[in-house]
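In our numbering, the protein residues as written are -4 to 74.
Yeah, the Cβ is synthetic: ideal placement off N, Cα and C, and Gly gets one too.
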């Protein structure tokens, strides 16, 4: 079974967009894995794998919340 990173990133973004508990989430704002709907360890696993592949940024969270992730803004090509 291959791990499709692009589809995984799309599913992370989709889950965050569908979140009812975090309606003010901006496209590139930091988020905790628990901000997504549904809450699951599989979602946390996807976030971790995407971070390891360089598709998400990660920073320390607060207390028991673990890591915060962020979808980086697209880099502009030099002109």
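request  = Use the C-beta contact count for residue 28: other C-beta atoms within 10 angstroms, 16 or more gives buried, fewer gives exposed.
outcome  = buried
query = residue 38 and residue 5: beta carbons closer than 8 Å?
reply = no
ask   = Would you report the Cα separation of residue 65 and residue 52, rounded to the nearest angstrom?
value = 5 Å
task = Could you tell me which residues DSSP puts in a beta bridge with residue 63?
result = 54
Beta-carbon contacts of residue 62 that lie in its chain and below 6 Å, excluding the five residues immediately before and after = 53, 56
task = For residue 26, name the three-state secondary structure that DSSP assigns.
result = strand
ask   = On the premise that residue 3 lies in contact with residue 44, defined as a C-beta separation below 8 Å, what is that separation, rounded to the nearest angstrom?
value = 7 Å
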